[in-house]
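Chemist: Before I ask anything, let me first share the structure, which is written out below as structure tokens.
Number of protein chains: 2
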Amino acid sequence: MSRVECHDGDMSLRHAVLGMLEDEPGSGYDLLKRFEQAMSNVWPATQSQLYGELGKLESAGMIHVHAEGPRGRKEYEITDAGRAELQHWLIEVPPTAAPRNDNLLRVYFLGAVAPGQARGYIATMGETAQAREKRLEELEASIDWGDDNASVYGRLVLEWGKRYSAMYREWADWAVTQIK
Amino acid sequence: MSRVECHDGDMSLRHAVLGMLEDEPGSGYDLLKRFEQAMSNVWPATQSQLYGELGKLESAGMIHVHAEGPRGRKEYEITDAGRAELQHWLIEVPPTAAPRNDNLLRVYFLGAVAPGQARGYIATMGETAQAREKRLEELEASIDWGDDNASVYGRLVLEWGKRYSAMYREWADWAVTQIK
DNA sequence: TATGACATGTAACTAGTTACATGATTCA
DNA sequence: TGAATCATGTAACTAGTTACATGTCATA
Numbered sequence: 007m008s009r010v011e012c013h014d015g016d017m018s019l020r021h022a023v024l025g026m027l028e029d030e031p032g033s034g035y036d037l038l039k040r041f042e043q044a045m046s047n048v049w050p051a052t053q054s055q056l057y058g059e060l061g062k063l064e065s066a067g068m069i070h071v072h073a074e075g076p077r078g079r080k081e082y083e084i085t086d087a088g089r090a091e092l093q094h095w096l097i098e099v100p101p102t103a104a105p106r107n108d109n110l111l112r113v114y115f116l117g118a119v120a121p122g123q124a125r126g127y128i129a130t131m132g133e134t135a136q137a138r139e140k141r142l143e144e145l146e147a148s149i150d151w152g153d154d155n156a157s158v159y160g161r162l163v164l165e166w167g168k169r170y171s172a173m174y175r176e177w178a179d180w181a182v183t184q185i186k
Numbered sequence: 007m008s009r010v011e012c013h014d015g016d017m018s019l020r021h022a023v024l025g026m027l028e029d030e031p032g033s034g035y036d037l038l039k040r041f042e043q044a045m046s047n048v049w050p051a052t053q054s055q056l057y058g059e060l061g062k063l064e065s066a067g068m069i070h071v072h073a074e075g076p077r078g079r080k081e082y083e084i085t086d087a088g089r090a091e092l093q094h095w096l097i098e099v100p101p102t103a104a105p106r107n108d109n110l111l112r113v114y115f116l117g118a119v120a121p122g123q124a125r126g127y128i129a130t131m132g133e134t135a136q137a138r139e140k141r142l143e144e145l146e147a148s149i150d151w152g153d154d155n156a157s158v159y160g161r162l163v164l165e166w167g168k169r170y171s172a173m174y175r176e177w178a179d180w181a182v183t184q185i186k
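Below you can see the structure in the form of structure tokens.
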């Protein structure tokens, strides 16, 4: 029996790139900066990965070079095929259930160290969460929110981050009281 | 200049295995079942990965074959070197800041589909979270909790999962009202 | 003219997934 | 004796990271 094709994978970087280009065309260099700014908390990507993915997306006909600029700059634009793939992924591909979490993995094994160290570790988790919460609040205040899609959906993601951080901090405060 | 050694990586699977063997010795087959049951929400691992990691850990002297059984069964036990590595990781290795989240990545790009579909997607996220919350509550009720480390720290992780799911559900309820 | 920002790409590696492959033991 | 479970392992792949490598353009 020959090899059966049965690969779909997540390939979410692919969709992150399509989503950014759907919003606005840009070069690899542009996308890299957009990833660093807007995406780093949700889907970090490295320069090397981005350029590789742009090449693959172009070969697959999901994006195309729309304009060229100085220094070999290639500005990509999403194609109809790319837009279709993005929408398919958004609506039809089942999201990941629960991602790996090495913070929680550590909590599982905290019995391997002294109770004081365990409390210290959890307290640090709480402080980290509090710092993130503060940073997100400052970010929210610094942005001029509008009625456009980027504002509406960007705010939903930001709000999720704030609630996540608050939940984390409250959990940590409670958890340290549970370790005798 | 020659290649500089600068790799540490996360290698959390390694530490998950050490943590499980610290709790109790076992074979690859045992660990696979323990990963499926207790760990699948925090750090899933495949059979192939587990056997590979056990081989590497044995070569590194962090675990050793403690007993052999029928069908080639090899029961591993953690060594002092393994215990030291586990404690080092627990306390000294900085945890990951924020993991990738493809659910939120989708939210970012929901402007690419119709508002009704966007609301539908977020509503489904909320229902999924609610189902997980319920499942965790049932799990909590079904376990006979004691005062041992596994109970104390296992309960902290479970409580985190419950709070996470509740936060998610509440966020989704709010988020659908934000999409016009 | 030298520095920094712009701009793209490749090589070598680690981590993780799916599928393949094999064999021993138990028990109905 | 046939099926389920126990038990281990390998091959080929995808995704992601770090480091290396190169070259252009603006401007102080």
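Protein chains in written order, with this note's numbering: chain A, 7 to 186; chain B, 7 to 186. By construction, the Cβ of each residue, glycine as well, lies at the ideal position given by its N, Cα and C atoms.
I need the DSSP call for residue 69/B, collapsed to helix, strand or coil.
Modeler: Residue state, collapsed to three classes: strand.
Chemist: Below 7 Å between beta carbons: does that hold for residue 102/A and residue 108/B?
Modeler: Contact: yes.
Chemist: Taking residue 98/B as the reference, which of 26/A, 112/A and 96/A has the closest Cα?
Modeler: When each option's Cα is compared against that of residue 98/B, the closest is 112/A.
Chemist: With a threshold of 8 Å, are at least 3 pairs of Cβ atoms found where one atom belongs to the region 79 to 92 of chain A and the other to the region 25 to 35 of chain A?
Modeler: These segments touch.
Chemist: Just the chain A side, please: which residues come within less than 7 Å of residue 166/B by C-beta, in chain order?
Modeler: Those are 110 and 177, listed as they occur along chain A.
Chemist: On the three-state DSSP scale, how would you describe residue 13/A?
Modeler: Any reading at residue 13/A is ruled out, since the residue's pLDDT is 43, under 50, leaving its predicted position unreliable.
Chemist: Chain B partners of residue 28/A, CB-CB under 9 Å?
Modeler: In chain order: 115, 117 and 118.
Chemist: Assign residue 181/B to one of three DSSP states: helix, strand, or coil.
Modeler: Helix, per DSSP.
Chemist: Please state whether the Cβ-Cβ distance between residue 64/B and residue 20/B is less than 7 Å.
Modeler: It is not a contact, given that the beta carbons lie outside the stated cut-off.
Chemist: For the candidate residues 123/B, 73/B and 91/B, whose alpha-carbon lies nearest to that of residue 93/A?
Modeler: Measuring from the Cα of residue 93/A, the nearest candidate turns out to be 123/B.
Chemist: Spatial neighbours of residue 161/B within its chain, please: C-beta separation below 7 Å, excluding the five flanking residues on both sides.
Modeler: The residues are 151.
Chemist: Does the separation of the CB atoms of residue 104/B and residue 47/A fall below 7 Å?
Modeler: Against a cut-off of 7 Å, the Cβ pair of residue 47/A and residue 104/B comes out as a contact.
Chemist: Just to confirm the assignment, what range does the beta strand (DSSP E) spanning residue 97/A have?
Modeler: Taken as a continuous stretch (DSSP letters only), residue 97/A belongs to no beta strand (DSSP E), being part of the alpha helix (DSSP H) at 86 to 98.
Chemist: Nearest to residue 139/A by CA position, among 169/A, 57/A and 22/A, is which residue?
Modeler: With distances taken between Cα atoms, residue 139/A lies closest to 169/A.
Chemist: Could you confirm whether any beta carbon from chain B is found closer than 7 Å to the beta carbon of residue 10/A?
Modeler: Residue confidence is low: residue 10/A scores 36 on pLDDT, short of 50, so the model does not pin down where it sits. No coordinate-derived value is stated.
Chemist: Residues of chain B with a CB under 7 Å from the CB of residue 170/A: which are they?
Modeler: Here the neighbours are 173.
Chemist: Measure the C-alpha to C-alpha separation of residue 156/A and residue 176/B and round it to an integer number of angstroms.
Modeler: Those two C-alpha atoms are separated by around 22 Å.
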